[in-house]
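Engineer:
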Amino acid sequence: MRHRKYPFIAGFLVVPLTLYVVFVLYPYTRAFYISMTAWRGFDVAPKWIGFKNYERLWSNDDRFWQAVQHHGILLVTLPVITIVIALFFAFLLSVGGKSKSGDMAGVWGSKFYRVVFFLPQVLAVPIIAVLFQTVYRPNESGLINGVLMKLGFDPVFFMIKPHLALPSIIAVLVWVSVGFYVVLFTAGMGSIPQELYEAAELDGAGKFRLFFGVTLPLLRDTLQVAWVYLGIAAFDAFAIVNVLALSEGGPNGTTTVMAVEIFRAYGKNNFGYASALGVALFFMSITFAALTLRVTRREAIEY
Amino acid sequence: MAVRVEDAAPPQFDAAKERAKRQRSQVGLFNGLGQIALALWALMIIIPILWVFLAAFKNTTEIFSSPWTMPAELRWENFSRAWTKSRAGTYFLNSVIVVSFSTFGTMLFGSMAAYVLSRYEFRGRKFFYLLFVAGLAFPTFLAIVPLFFVVKSLGMLNTYHGLILVYIAYSLPFTVFFLSAFFRTLPTSVAEAGILDGCSHTSLFFRIMLPMAKPGLISVAIFNIIGQWAQYLLPLVLVGGAQDKWVLTQGIAQISVSAGYQADWSGLFAALTIAILPMIFVYAIFQRQIQSGLTAGAVK
Amino acid sequence: MPDLSYPLSRRALLARAAAAGLLVGPGAGILAACGKDDDPKPGASGSTPAAGSSSAAGSSSAAGSSSAAVSSSAATEAPAGGAGDNPFDVKEDAALDLVIFAGGYTDKYAKEVHEPLYKAKFAKAEIKHQATEEISTVVQPRFAAGDPPDFVNNSGAKSMDFGALVADNQLEDLTALWDAPSVDDPAKKVRDTVVPGTIDVGSFNGKPYVLYYVSTVFGLWYSGKLFKDNSWTPPTDWDSFIKVLDEMKAKKIIPYAYAGANAPYYQWNVILTHAAKIGGGDVLKNIDNLEDGAWTNDAVKQAATLWAEVGAKYMDKSHEGLKHTDVQLQQNQYKVGFYPSGDWLENEQKKDTPEGFEYQMIPVPAAAGGKMGAAGVRATAGEGYVVPAKAKNKAGGLEYMRQMLSKAGGEGFAKLIGSPTVVVGASDAVEFPPGVKSSQAALKAAGADVVNIFFDGWYKDLDTEARTATNDLMFGRIKADEFCSRIQKKADELKKDDAVVKFKR
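Residue numbers (the working numbering), protein chains in the order written: chain A, 1 to 303; chain B, 1001 to 1300; chain C, 2001 to 2505.
The following block contains the structure:
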């Protein structure tokens, strides 16, 4: 298949490549330049200040370090919690039911659950954030506190208490994500050959052993995909924090993330500094990506 | 094979019976707890959404009293206010327009690039591939300001086509990454047969390879639709200056801000309902395709 | 002087207010003014405030009170549309592109009062009106693109940074506006028709860039009806204030509240006003000027200590997570006693205020023996308007401002919104609602004891720190000492930071 190969390749690449270079690559490289300036975002030439923005960020910005720390927390908790819950549900839905003659069935209503769990995925994030404003409201008009207070308990101050705010944010992210991974894992489990379960059952393996002995090892690949996706999500969280948290990542910066800090810098017309923060975020994501690639470069289990 | 189940010695007959019994009660307990957990999680998702629908009929006083009371009457005027004054309808339509075109464009250009990058040998192939994939690690926030100027200098600020092209460009890294992997898994024999039959490269792609890649295409398309539908930052900056071009996410955020200023909470919830219902509707119809599409890809 | 109807005393008071609070001392014309941006106004505080009221209610209530006003001022009004009365050489068919902040005042006043005035003069001009709650979202990209509107109402939580706009020469010098003949009396310059101090608050380095339009008084707000029903008397000093709080508590009313989620600014405003009453106006001036130890000053500490007690005993913990509109609504439902705010509050809540509620304001109470009278208040001019330097129709923007500053413009605003403007004499004939009436009376009673605060508009980071520290203080996580030292630390950091443009007053 040599004939007219190169014109064909060029023809197929030119449009996507042009779009990508013009709208993605160029702006990113330009952002690196802006991060070296004290630019206020107006129609005037940016003033070059070298690495000043970076020096400031490194040594004189507590909020930046808070944000970094929060991404660290998110990177661990978000994937772990989400995956554990999703695995549990997926297992119930696909093999949790009675096994008749080794044929694994999901529990009753598994189809319904899968549909419902997935629902948050189709709602846009700003909508979810507004939704949770109501869920978390600190007085009797809140969805949760309304119940608690009716029952005579004290209200829980989700977004107010500094130590509760970030966990409350994580809970929303988990709420949104679980459904997707349930569907993902159920599909993964569905592709595990029935004979493996049958054999294990014959061997007298209980549900728990089935899960840890058969399901989990064979889901490795899918789990890795899940971890990568959730890791990417851990670097974002902007819309949720921005809408839900008190005063831009509050109280006291306890919920701030990089994107919020970048937004704050834009708000102060400090576009140079905002870009420096963006570059920092870029390096964080790159590091994560590199690490993930390294870790996941293992052979898949064959069956 | 990590699991060496087949190595287990065949169990004794009566022992197996014994175990089966134990197992059954274990299963019962497990399923019981499981059912409860499943039901709870389902409620956690349904209740807030249902509450929004109810709140759309309440007035401000009702919304801020107990959340568990029913609206005293069905206040449909909340909806008409959300639809006309808050323009939820316009925003919704804009989202539909932009996302339809951008998803189509993303799929077309993304699959073209992925195809040549995965199935043809040429100099720079690896470079171009990595160039696209590198985009996965870029935080959009970093590019947003310069991007604004690029779009502006092309005269495409506050236009549908500007937003559509940008959506396509920003969806390419994932699309190319994913589809390249997919195209690589397709058997070469069919392609070779096609070539022998005198297919050109182009028609080979459109007539043979694309149909073969359908499962992969569907899942990426769904990914892109969901992703682009939820996009907030890009439209905020690129069409922010023209309210008649705003998309739904932007509009909802705006409506929630102005609900804060004007204490029109019922209007906000009506607008949310307008935003949520069609999505649930579409999802209900296509849920099988959406779920299987997504998973077809991710499991590969 | 055409406006004989203007009560001398009131004007003198406003002037004094301006002199004490808005104007600055020597050295200060300087960038002084941007102080306002963020603040006072409805909607303006960085985070928040104001919410708009339904416009329908606005116009109806204003209508009732105004017939007298119209007749009294009619005599003094010069014909606005006279030929030749075009000091900026506006092209009569040039479109005018406006962006209005739709916060507590909504954008109705622009549509119903000021735009018609402009249109009456330039009938061929098309007016492009855009209203938004988030000014920077809409306007920043247009500035960045070099295509700004002709006139911007830069206010609200998402307002643009005036200092940055000025530093990059993005704003039109308003000297031409202030020197232009006024609409009502061509023999008089516009600068002579506004309350003294108005121009200075909008000046940077001595050059006027911002028009601040609405007069604003701050204090503690309560329901006149609630007080009447319980036969409580409005407190005038600290002890009587605490006594009323106790009585409210006994009645299961939350005695004191502010919205921690987005308006802690309302509360540091109270603490600092209190501090000024203890230690004199210089306390605030030192804070604004980033003087060493300005925040750890005894007066600030004392005030913070007293208010921390109020926080511990008389507030509801859930309010830290609520927004201003939520808390204001609770007050309208008689669940909250006192609420700190500026006098846009009454208009903002119009829609949700029950019949007979009757908003009233008292000055921040303080124990006797301070350096300032018990009646002292914080007052300022707010709601900033600018004409971008690169606007296509700058002349139109300036003319629009000149029309706003006409008697008809000021009076129309006052009637519709229920707040007085900086236009001298334009609101005397307007019958204000009870709340604004009481805040105006308080301003009058304050005499020379009027203060103002600027730092939050100058240094956003300091404002942020003050907000978080205020929530920590009022909701019991820190004591007064830490409150002071924490904000002081931030102030010291800023002072040392060359990258931050400094302002003085």
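From the three backbone atoms N, C-alpha and C, an ideal C-beta is built for every residue, glycine too. Keep in mind that this is a model prediction, so the values were computed, not measured.
#1: From A:G231 to A:A259, what does the alpha carbon distance come to, in whole angstroms?
#2: Going by alpha carbons, who is nearest to C:T2296 out of C:I2487, C:G2104 and C:G2103?
#3: Should A:R137 go down as buried or exposed, given a rule of 16 or more other Cβ atoms within 10 Å for buried?
#4: Does the beta carbon of B:L1236 sit closer than 8 Å to a beta carbon anywhere in chain C?
#5: Could you check how far apart the C-beta atoms of A:S35 and A:A276 are, in whole angstroms? I think they sit under 8 Å.
#6: Given that A:V44 touches chain C, what residues does it touch there, using C-beta distances under 7 Å?
#7: Is it right to say A:R298 is buried, meaning 16 or more other beta carbons lie within 10 angstroms of its own, or is it exposed?
#8: For C:G2311, return the contacting residues in chain A, with the cut-off set at a CB-CB distance below 8 Å.
#9: Give a yes or no on whether the minimum CB-CB distance between A:F51 and chain C is below 8 Å.
#10: Given C:M2160, which residues of its chain have a CB within under 7 Å of its CB, disregarding the five upstream and five downstream residues?
#11: Within 8 Å (strictly less), CB to CB, does A:N242 reach chain C?
#12: Ignoring anything shorter than 4 residues or poking outside the stretch 1150-1188 of chain B, list the alpha helix (DSSP H) runs there in chain order.
#13: What in chain B is Cβ-close to A:Q69, meaning under 7 Å?
#14: Using the Cα positions of C:F2227 and C:G2435, report the straight-line distance between them to the nearest angstrom.
#15: Which chain F residues are close to C:K2317, counting only those with a beta carbon under 7 Å from its beta carbon?
#16: Put C:Q2170 into one of helix, strand or coil per three-state DSSP.
#17: Using CA coordinates, which residue listed in C:L2174, C:V2377, C:V2501 and C:W2458 is at the minimum distance from C:F2151?
#18: So what's C:W2178 in DSSP terms, helix, strand or just coil?
#19: Return the chain-ordered ranges of every alpha helix (DSSP H) run that is complete within the stretch 2293-2345 of chain C and spans a minimum of 4 residues.
#20: Am I right that C:K2277 and C:A2366 are in contact with their C-beta atoms under 8 Å? What's the rounded C-beta distance?
#21: Is C:A2374 close to chain B, meaning its C-beta is less than 8 Å from at least one C-beta of that chain?
#22: Using a Cβ cut-off of 9 Å, which residues of the stretch 2125-2145 of chain C contact any Cβ in chain B, in chain order?
#23: Chain A partners of B:M1156, CB-CB under 9 Å?
#24: Against chain C, which members of the stretch 125-139 of chain A pass a CB distance test of less than 8 Å?
#25: Using CA coordinates, which residue listed in A:T82, A:Y273, A:F64 and A:Y6 is at the minimum distance from A:T254?
#26: For a test of the three-state rule: what should DSSP assign to A:S191, helix, strand or coil?
#27: Judging by CA-CA distance, which residue of C:F2432, C:V2214, C:S2406 and C:E2115 is the nearest neighbour of C:G2104?
#28: Under 8 Å, CB to CB, which of the residues in the stretch 149-175 of chain A have a partner in chain B?
#29: Return helix, strand or coil for C:W2232, following the three-state DSSP convention.
#30: How far does the beta strand (DSSP E) with C:P2255 in it reach, from first residue to last?
#31: Please identify, using Cβ separations under 7 Å, the residues of the stretch 1089-1105 of chain B that lie next to chain A, in order along the chain.
#32: Give the residues of chain A in contact with C:E1973, contact being defined as C-beta atoms less than 9 Å apart.
#33: Tell me, to the nearest whole angstrom, how far the beta carbon of B:P1071 is from that of B:L1050; I am working on the premise that it is less than 8 Å.
#34: Is the beta carbon of A:V24 closer than 8 Å to that of B:A1230?
#35: Could you tell me if C:G2311 is buried or exposed, where buried requires 16 or more neighbouring beta carbons within 10 angstroms of its beta carbon?
#36: Measuring only the C-alpha atoms, how far is C:I2287 from B:G1110?
Structural biologist: This is what the structure holds:
#1: Locating residue 231 of chain A in the first sequence gives position 231, counting from the first residue. Locating residue 259 of chain A in the first sequence gives position 259, counting from the first residue. Going from the Cα of A:G231 to the Cα of A:A259 covers about 15 Å.
#2: As a position in the third sequence, residue 2296 of chain C is number 296, starting the count at 1. Of the listed residues, the one whose Cα sits closest to C:T2296 is C:I2487.
#3: Here residue 137 of chain A refers to the residue found at position 137 of the first sequence. A:R137 is buried by the Cβ-count criterion.
#4: Against the second sequence, residue 1236 of chain B aligns to sequence position 236. Yes - at least one Cβ of chain C is within 8 Å of the one on B:L1236.
#5: Here residue 35 of chain A refers to the residue found at position 35 when the first sequence is read from its first residue. Here residue 276 of chain A refers to the residue found at position 276 when the first sequence is read from its first residue. Going by Cβ atoms, the distance from A:S35 to A:A276 rounds to 4 Å, so yes, they are a contact pair.
#6: As a position in the first sequence, residue 44 of chain A is number 44, starting the count at 1. Per Cβ cutoff of 7 Å: D2168.
#7: Counting from 1 along the first sequence, the entry for residue 298 of chain A is found at position 298. With a pLDDT of only 47 at A:R298, under the threshold of 50, the placement of this residue in the model should not be trusted, and no figure is reported.
#8: Stepping through the third sequence from its first residue, residue 2311 of chain C is reached at position 311. Result: empty, since nearest Cβ-Cβ is about 14 Å, beyond 8 Å.
#9: As a working note, residue 51 of chain A is residue 51 in the first sequence. Cβ-Cβ to chain C under 8 Å: no for A:F51.
#10: Here residue 2160 of chain C refers to the residue found at position 160 of the third sequence. Result list for C:M2160: I2135, S2136, V2139, Q2140 and N2154, in chain order.
#11: Position 242 of the first sequence, counting from 1, holds the residue named residue 242 of chain A. Taking Cβ atoms only, chain C never reaches closer than 8 Å to A:N242, which makes this a no.
#12: 1160-1185
#13: Position 69 of the first sequence, counted from the start, is the residue given in the question as residue 69 of chain A. Those within 7 Å of A:Q69 in chain B number zero; the least Cβ separation is about 18 Å.
#14: Position 227 of the third sequence, counted from the start, is the residue given in the question as residue 2227 of chain C. Position 435 of the third sequence, counted from the start, is the residue given in the question as residue 2435 of chain C. Near 14 Å, if we compare the C-alpha coordinates of C:G2435 and C:F2227.
#15: The chain labelled as chain F is not found among the protein chains of the depicted structure, namely A, B and C.
#16: The residue labelled residue 2170 of chain C in the question sits at position 170 within the third sequence. Looking at C:Q2170 - three-state DSSP - the assignment turns out to be coil, as it is neither helix nor strand.
#17: Residue numbering aside, residue 2151 of chain C sits at position 151 when the third sequence is read from its first letter. Residue C:L2174 is the option with its Cα nearest to C:F2151.
#18: Position 178 of the third sequence, counted from the start, is the residue given in the question as residue 2178 of chain C. In the structure shown, C:W2178 sits in a helix (DSSP, three-state: H, G or I).
#19: 2298-2314 and 2324-2332
#20: For this step, residue 2277 of chain C is matched to residue 277 along the third sequence. For this step, residue 2366 of chain C is matched to residue 366 along the third sequence. Indeed, because the Cβ distance is near 4 Å, the residues count as touching under 8 Å.
#21: Numbered from 1 along the third sequence, position 374 holds the residue referred to as residue 2374 of chain C. Closer than 8 Å: no.
#22: Q2130, T2132, E2133, E2134, T2137, V2138, V2139, Q2140, P2141, R2142, A2144 and A2145
#23: Translated into positions along the second sequence, residue 1156 of chain B becomes position 156. Those within 9 Å of B:M1156 in chain A number zero; the least Cβ separation is about 10 Å.
#24: Y136, R137, P138 and N139
#25: If you number the first sequence from 1, residue 254 of chain A lands on position 254. Taking only the C-alpha atoms, the option nearest A:T254 is A:F64.
#26: Residue 191 of chain A sits at position 191 when you count from the first residue of the first sequence. In the structure shown, A:S191 sits in coil (DSSP, three-state: anything other than H, G, I, E or B).
#27: Counted from its first residue, the third sequence places residue 2104 of chain C at position 104. That would be C:V2214, whose Cα lies nearest to the Cα of C:G2104.
#28: K150 and W175
#29: Translated into positions along the third sequence, residue 2232 of chain C becomes position 232. Here C:W2232 sits in coil by DSSP.
#30: As a working note, residue 2255 of chain C is residue 255 in the third sequence. Start and end: I2254 to Y2256.
#31: none
#32: Since the first residue shown for chain C is 2001 and the last is 2505, residue 1973 of chain C is missing from the structure and cannot be characterised.
#33: Residue numbering aside, residue 1071 of chain B sits at position 71 when the second sequence is read from its first letter. Residue numbering aside, residue 1050 of chain B sits at position 50 when the second sequence is read from its first letter. So it is not a contact: roughly 13 Å between Cβ atoms.
#34: As a working mapping, residue 1230 of chain B is identified with position 230 in the second sequence. As a working mapping, residue 24 of chain A is identified with position 24 in the first sequence. No, the Cβ-Cβ distance between B:A1230 and A:V24 is not below 8 Å.
#35: The sequence position of residue 2311 of chain C within the third sequence is 311, counting from 1. It counts as buried.
#36: The residue you call residue 2287 of chain C lines up with position 287 of the third sequence. The residue you call residue 1110 of chain B lines up with position 110 of the second sequence. Rounded to whole angstroms, C:I2287 to B:G1110 spans 58 Å at the Cα level.
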